[in-house]
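Going down the list, the sequences are from chains A and B. Each residue of the first sequence is one higher than the one before, starting from 883 at the first, in the numbering used here. Each residue of the second sequence is one higher than the one before, starting from 928 at the first, in the numbering used here. Here a beta-carbon is modelled for each residue, glycine too, at the ideal position from N, C-alpha and C. First the structure, in the form of structure tokens, and then the observations on it.
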Amino acid sequence: MDVLDPLTTCSDEELLGSFRRGKREAFGVLVRRYQGELYGYLRRYLGDSTLAEDVFQNTFLQVYTKIGKYDPGRPVRPWLYTIATHQAIDALRRQGRQQAVSLEQERVNGTGDELHYLLDMLESRGPDPLEHSQGEEMRQLVRASVNRLPDFLKQVVILAYYQGLKYKDIADIMDIPVGTVKSRLHAALLRLQEAWTGASLFQDI
Amino acid sequence: MDENLVGYLLHSLDEKSEREMEAYLASSAEARNKLENLRRGLEPLEADREEIAPPPDLLVRTLARVAEYCSQTLPHAPASPRSGGSYRNPWRRVDVLVAAAVLLAAVGVGVSALAHLRNQAAPLVECKENLHQFGIALNAYHEQHHQFPDVSKEVPPYNVAGMFVPMLINAGLLSKDITVRCPGNGPFKPTPYTLDEIHAMSADNFALTAPYLACCYAYSLGYRDEAGYHAPSYQGAGFPLVSDRSPRDQGPGNSFNHGGTGQNVLFQDGHVKFMTNRSLSFDSDIFRNRQGNIEAGCDPNDVVVGPSAVSP
């Protein structure tokens, strides 16, 4: 009969607490628990499997070496995402791929109209603009359109839609107010609708 | 309320906001219509929802990296470079494997993972052990001669960096069984000739032999100023003495010994550090002098560790 290791049934917070108290086995359990989710996030955000693996390893190296800074009981998931996101941004910066904070970012943070434009656009729109695309072609089209978003919009789409995080956690990870998370998400969705409509028009020609 | 419609669709709201949104939707047909439009608008994203699988050995490689990091950063036992006492390498290959085994213990990966780990971590740690052996011998030599081996005293063309290995062996301070091929680069390979055999060689034969005397390792070339040439002598803990050799193409990157990721460097106090670049706080390139040449430094702080066949 298989006997479950008690560590594997611990909550994330209990695991990190154990690790913090010196139980090193808990660290490996945490890495295994998050390898799919965090690697998927990094792969999607960075768009490069080698870089994603490197940043994943750096993330857990940080967890290992900075465990003393972890406040016992603090939710682990957003804490891991915060470290991973910072590591990813550093990696992009080292590669010269990090986009500077732009006036555009200031503008998106500052207006509240994106949702209204988005709702108007969806209200007046005809059939699904990507209905002609299917399967792999559709997937590639969608991924390419997300990748073309500025980093600060792409990040929020990935965290909210693909990673399923709460607004509050995203706000903590990105160190921005919850209201900014919402406006960025609305702006990102508006741009995606515009991109998909453009793709549809192009296909019709 | 509309500002939370997208969050409601994605389950990104907190519980309170979600309940408020449910009440709002129940009371407003217009809100329900907007929600349905947003749902359709988000639908294309679903096409790329498929989970991205991690590489199969990501877990093992991550734990190996952490174990390797531990092996490079644990504090070293205090040791005077010229104390004459025995030097204990504080973190050996077996320790890394034990540390990694502990990390792996609870995650259900077995012998194959440890084998993988061994393949990855071992060369770097074995190389460090090797450099520690050089460090012990070099410090003992300094104890006797008040400087590290001065290869410039050899008659040209025998005055090359790699001569420090046969000089140490000849002095009885280094075992002949030490490998001069970095374990990251291939199997054990001793330095090919004794000092006497080298001195009996023709210059042509020596030219063929010189690159293999220290093979994968580089040795400090000292420095030259108005007063003349100065062989390497103890300057401080932060000064490199031996390292993985520079890239064979003499390009700007790291040593090839560990796949271009960096180089192990033995410092004058006997500690070994894996450096991921070629610079020190006081010297921008340990493989070239300030004039960009692979020869003796231009001043005491201009460190150059040169490959086997290079003369100071």
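Next on the checklist: Considering Cα atoms alone, identify which of A:Leu889, A:Arg915, A:Pro957, A:Gln1075 is closest to tyrosine 999 of chain A.
Outcome noted: Residue A:Gln1075 holds the alpha-carbon nearest to the alpha-carbon of tyrosine 999 of chain A among A:Leu889, A:Arg915, A:Pro957, A:Gln1075.
Q.
Checking 8 Å against the spacing of the C-beta atoms, do arginine 1205 of chain B and phenylalanine 1194 of chain B come in under that value?
A. no
Checklist entry - Among the residues of its own chain, which have a CB less than 7 Å from the CB of glutamine 1218 of chain B, if the five just before and after it don't count? => result So the list reads Cys1225, once near-sequence residues are dropped.
Practice prompt. Answer with buried or exposed for histidine 1126 of chain B, where buried requires no fewer than 16 other C-beta atoms within 10 angstroms of its C-beta.
Written response: exposed
Inter-residue spacing [alpha-carbon to alpha-carbon] between valine 1028 of chain A and valine 1237 of chain B:
53 Å
| request: Please name the residue, chosen from B:Asp1152, B:Ser1170, B:Lys961, B:His1069, that lies closest to glycine 1233 of chain B on a Cα-to-Cα basis. | output: B:Ser1170
Original post:
So who's on the other strand from arginine 1151 of chain B, going by DSSP bridges?
Top reply: B:Tyr1156
Straight-line Cα distance separating threonine 1079 of chain A from proline 1032 of chain A:
Proline 1032 of chain A and threonine 1079 of chain A have their alpha carbons spaced roughly 19 Å apart.
Do tyrosine 952 of chain A and arginine 902 of chain A have their C-beta atoms within less than 8 Å of each other? In contact: tyrosine 952 of chain A and arginine 902 of chain A (Cβ atoms closer than 8 Å).
Asparagine 1220 of chain B classed as buried or exposed, judged by whether at least 16 other C-beta atoms fall within 10 angstroms
exposed
Discussion item. When you compare the CB positions of asparagine 1191 of chain B and phenylalanine 1183 of chain B, do they come within less than 8 Å of one another, or not?
Written reply: no
- Query: In chain A, what lies closer than 9 Å to arginine 992 of chain B by C-beta?
  - Reply: Gln939, Asn940, Phe942, Leu943
- Query: Taking just the CA atoms, how far does arginine 926 of chain A sit from aspartate 975 of chain B?
  - Reply: 10 Å
Touching by the beta-carbon criterion (3+ pairs, under 8 Å), the segment 942-959 of chain B and the segment 1057-1072 of chain A: no
Next on the checklist: Could you check whether the Cβ of alanine 1042 of chain A sits closer than 8 Å to any Cβ belonging to chain B?
Outcome noted: Chain B contact via Cβ: present.
**Asked** If you draw a straight line from the alpha carbon of proline 1017 of chain B to that of leucine 898 of chain A, how long is it in whole angstroms?
**Response** In this prediction, proline 1017 of chain B has a pLDDT of 42, which is less than 50 and means its spatial position is unreliable; nothing more can be read from the coordinates.
| task | Could you please give me the residues that DSSP links to methionine 1202 of chain B through a beta bridge? | result | B:Gln1190
Residues in the segment 933-950 of chain B having any Cβ partner in chain A nearer than 9 Å: Val933, Gly934, Leu937, His938, Ser939, Leu940, Asp941, Ser944
For the beta strand (DSSP E) that leucine 1168 of chain B lies in, which residues bound it at each end? Taken as a continuous stretch (DSSP letters only), the beta strand (DSSP E) holding leucine 1168 of chain B covers 1167-1171.
Notebook entry, point to check: Closer than 8 Å, CB to CB, is tyrosine 996 of chain B near chain A or not?
Noted result: yes
(request) Using only alpha-carbon positions, find the residue among B:Cys1109, B:Gly1149, B:Gly1089 that is nearest to tyrosine 1120 of chain B. (result) B:Gly1089
- Query: By how many angstroms is the C-alpha of leucine 936 of chain B removed from the C-alpha of threonine 1188 of chain B?
  - Reply: 45 Å
*Under the three-state reduction of DSSP, which class applies to threonine 1106 of chain B: helix, strand or coil?*
strand
Inset, instruction - Label glutamine 1071 of chain B either buried or exposed according to how many other C-beta atoms from any shown protein chain fall within 10 Å of its C-beta, with 16 as the threshold for buried. - result: exposed
Near methionine 1128 of chain B, which residues of its chain fall below 8 Å by C-beta distance, leaving aside the five closest residues on each side in sequence?
Tyr1120, Thr1136
What are the boundary residues of the alpha helix (DSSP H) that glutamine 969 of chain A is part of? 958-976
message = Below 8 Å on C-beta distance, what does glutamate 978 of chain B contact in chain A?
response = Gly918, Gly922
task = Measure from the alpha carbon of alanine 990 of chain B to the alpha carbon of each residue in A:Gly950, A:Thr967, A:Leu920, A:Phe938, then state which is nearest.
result = Before going on, a small fix: residue 990 of chain B reads as leucine here, not alanine. The shortest C-alpha separation from leucine 990 of chain B is found at A:Phe938.
**Item:** Whole-number beta carbon distance between glutamate 1056 of chain B and leucine 1148 of chain B, since they are thought to touch under 8 Å
**Value:** Not quite, the Cβ-Cβ distance comes to about 24 Å (not below 8 Å), so this is no contact.
Would you mind sorting methionine 948 of chain B into buried or exposed? The rule is 16 or more other CB atoms within 10 Å of its CB.
buried
Worksheet item: Taking only beta-carbon atoms, is lysine 951 of chain A less than 8 Å away from chain B?
Response: no
Checklist entry - Going by alpha carbons, who is nearest to alanine 966 of chain A out of A:Leu1004, A:Leu1072, A:Ile1052, A:Pro954? => result Here the closest residue by C-alpha is A:Ile1052.
Q | Inter-residue spacing [alpha-carbon to alpha-carbon] between valine 1024 of chain A and leucine 1001 of chain A | A | For valine 1024 of chain A and leucine 1001 of chain A, the distance between alpha carbons rounds to 20 Å.
For this session: Evaluate aspartate 888 of chain B with the Cβ neighbour count: other Cβ atoms within 10 Å of its Cβ, from every protein chain shown; 16 or more gives buried, anything less gives exposed.
Result: The shown model of chain B, from 928 to 1239, leaves out residue 888 of chain B, and the question about it has no answer.
Item to complete: Determine the contact status of arginine 1101 of chain B and alanine 1141 of chain B, defining contact as a CB-CB distance below 8 Å.
Response: Strictly speaking, residue 1101 of chain B in this sequence is leucine, with arginine absent from that position. Cβ atoms of leucine 1101 of chain B and alanine 1141 of chain B: not closer than 8 Å.
Checklist entry - Rounded to whole angstroms, how far is the Cβ of glutamate 996 of chain A from the Cβ of leucine 1072 of chain A, which I believe are closer than 8 Å? => result The beta carbons of glutamate 996 of chain A and leucine 1072 of chain A sit about 5 Å from each other, so the pair counts as a contact at 8 Å.
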